[in-house]
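Under numbering that gives the first Met the number 0, the first residue of the sequence shown carries the number 0, and numbering increases by one thereafter.
Below is one structure; the comments refer to it alone.
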Amino acid sequence: MGLGTFLSRLLPGRRRDGPSCEHMGMVQVVTTEAEGCEECLKTGDGWVHLRLCMICGKVGCCDDSPNTHATNHFRAEGHALIRSIEPEDSWAYCFVDEVMLPDPAAGAAAR
Ligand SMILES: [Zn+2]
Ligand SMILES: [Zn+2]
Ligand SMILES: [Zn+2]
């Protein structure tokens, strides 16, 4: 399978869901039950803020945290889309396009 085929599978039809990010069509997960960074919980480390991978649902810690697991996860897996799961936050972010995005969960949440 060539790279072109791989990319077209990864990005089916260029959907215009976000400002300038075509990855938003790949979002699978917008909420989580997790209350901590999975990796930090394993090692007993602390974190500052939590980020949710919207591709696979993995919870990691932000770049202010000592272990920056959310960014590590993007580097390791190529999962570009995260959102903040801090209660006071409502935003998402694409690592590839380096843009802030509207929080996909915000519209879904009843308030
Ligand atoms: Zn993107
Ligand atoms: Zn962590
Ligand atoms: Zn992921």
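The beta-carbon is built from N, C-alpha and C at its ideal position, and this holds for glycine as well.
It should be emphasised that the depicted structure is a prediction, and the values quoted were computed from it without experimental measurement.
Sequence-distant residues of the same chain with beta carbon closer than 7 Å to residue i, five excluded per side
| i | result |
| --- | --- |
| glutamate 33 | What sits at residue 33 in the sequence shown is alanine, not glutamate. Once the five neighbours on either side are set aside, the close Cβ partners of alanine 33 are Val58. |
Short Cβ contact (9 Å threshold) for residue i with residue j
| i | j | result |
| --- | --- | --- |
| valine 95 | methionine 53 | no |
| cysteine 111 | glutamate 38 | Nothing can be reported for residue 111, as the shown portion of the chain is limited to 0 through 110. |
| arginine 82 | aspartate 62 | no |
| asparagine 71 | tryptophan 46 | no |
Length of the line joining the Cα atoms of residue i and residue j
| i | j | result |
| --- | --- | --- |
| lysine 41 | methionine 99 | 29 Å |
| valine 68 | leucine 51 | It should be pointed out that residue 68 corresponds to histidine in this sequence rather than to valine. Between histidine 68 and leucine 51, the C-alpha separation is close to 10 Å. |
| threonine 31 | glycine 56 | 7 Å |
| valine 43 | isoleucine 84 | Checking the sequence, you will find glycine at residue 43 rather than valine. Answer to the nearest angstrom: the Cα atoms are 20 Å apart. |
| glycine 77 | valine 28 | 16 Å |
Close beta carbons around residue i, own chain, < 6 Å, minus the five adjacent residues each side
| i | result |
| --- | --- |
| histidine 22 | Ala79, Leu80 and Cys93 |
Close beta carbons around residue i, own chain, < 8 Å, minus the five adjacent residues each side
| i | result |
| --- | --- |
| serine 19 | Asp96 and Val98 |
| request: Output the residue ranges of the beta strand (DSSP E) runs that lie fully inside the stretch 11-60 and measure 3 residues or longer, sorted by chain position. | output: 49-52 and 58-60
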